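Residue numbers (my numbering): 104 to 441.
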């Protein structure tokens, strides 16, 4: 077992990257979220998506590219770096990205991958932007522009947030998009994300987390909301908001947030989501603990919770393809994202 005390080492990063390289161009099985408007729309995944056709679904392929970019940026001399660069040279080209942009131009694709895939695409663009000078950043930029435009159109019209623990969670989408806004930097977009988060979540108090975990959660609706606010709210405001949002944290309450989820069947795609819940909780716990002062007693409680969640999930990243096609990205967030 790889214990939670393990850092995000070159060896571990290479292991994650090898998992991702094994499926980013594996076209089948595939779960398209594709709307058919005519017979001609019945096409294969690679015909629909010249870049992101692997990894079972579009969003998992996108965040697997993010993972590979992260590994390349953190460990440019890793033995896997050559294979990552070869993949990027072949896939992240202006012509293929133009095909992805064309897909989003279709009227039926207006809400495609909103907000989960949108957020991950912008996080990929942010990671490419943080990488040393590279041709792939400019190639992906037009698609990032499309997604920023989608967010900019959608957020002012979205009266309510979505608080589920799956792909439709709006706090997660905002949180990933915030990394892009900060990296570019794009102050106008950052302001939109901040204003939206404050409108949706700014008055939330005493979160009970009573619905967690649900049977197919891979996000904690409570913790990702807190991490979203951490990323976009003014620091002076966040401290008081966080105290009020989880007021009994010192006592280990709500207790459900501190207990790793049990995964009973990793061959079931929905139940396998719970490994992702454990990893995404660990990411949030570590990031939120880092926002507190060094002498805050909650830090130790939160970091211990993160360690328990990592230990519960990390040995199972490749137990079955239902988890293998996406979990390594969440493991990288948990170990290296705080």
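Just so you know, even glycine gets a beta-carbon here, dropped at the ideal spot from N, CA and C. Just so we're clear, the structure is a prediction, and the values are computed from it rather than from any experiment.
Excluding the five sequence neighbours on either side, which residues of its own chain have a C-beta within less than 7 Å of the C-beta of residue i, listed in chain order?
i	result
residue 197	242
residue 254	221, 280
residue 229	282, 283, 286
residue 432	166, 167, 169, 170
residue 224	165, 246, 247, 250
residue 218	273, 276
residue 405	388, 391, 392
residue 182	117
residue 163	428, 429
residue 402	392, 395
residue 112	none
residue 421	122, 427
residue 199	153, 154
For residue i, which residues in the same chain have their Cβ closer than 8 Å to its Cβ, ignoring the five residues on either side in sequence?
i	result
residue 105	Confidence is the limiting factor: at residue 105 the pLDDT is only 41, short of 50, which leaves the residue's position unreliable, though a coordinate-based value still follows. Excluding residues within five positions, the ones whose Cβ falls inside 8 Å are 115, 417, 418.
residue 345	329, 332, 333, 391, 394
residue 136	160, 161, 215, 216
residue 151	135, 137, 206
residue 149	130, 156
residue 289	251, 283
residue 367	374
residue 341	332, 333, 394
Could you tell me the boundaries of the alpha helix (DSSP H) in which residue i lies?
i	result
residue 404	401–416
residue 117	113–124
residue 252	238–257
residue 223	219–233
residue 187	184–194
residue 207	197–207
residue 376	376–393
residue 431	430–439
residue 83	The first residue shown for the chain is 104 and the last is 441, placing residue 83 beyond what the model contains.
Take residue i and list the residues in its own chain whose beta-carbon comes closer than 6 Å to its own, dropping the five residues that flank it on each side.
i	result
residue 409	385, 388, 389
residue 423	369, 370
residue 415	363, 381
residue 264	273, 303
residue 322	268, 272, 275, 383
residue 299	258
residue 335	281, 296, 297, 300
residue 412	363, 381, 384, 385
residue 191	239
residue 211	138, 140
Using a C-beta cutoff of 8 Å, does residue i count as contacting chain B?
i	result
residue 238	Annotation note: the requested chain B is absent from the structure, which comprises a single protein chain.
### Query
Mind pulling the alpha helix (DSSP H) runs of 4 or more residues that sit fully within the region 275–322?
290–304
### Task
For the region 238–252 and the region 198–206, state whether three or more C-beta atom pairs, one from each stretch, are separated by less than 8 Å.
yes
### Message
Threshold first: 4 residues or longer. Then list the alpha helix (DSSP H) segments lying entirely within the region 334–360, N to C.
### Response
338–348
### At least three beta-carbon pairs within less than 8 Å, the region 341–355 to the region 367–377
no
#### Entry: Inter-stretch contact (C-beta, 8 Å, three-pair minimum) for the region 129–143 and the region 174–183
no
### Task
At 3 residues or longer, and completely inside the region 128–176: list those beta strand (DSSP E) runs for me, N to C.
none
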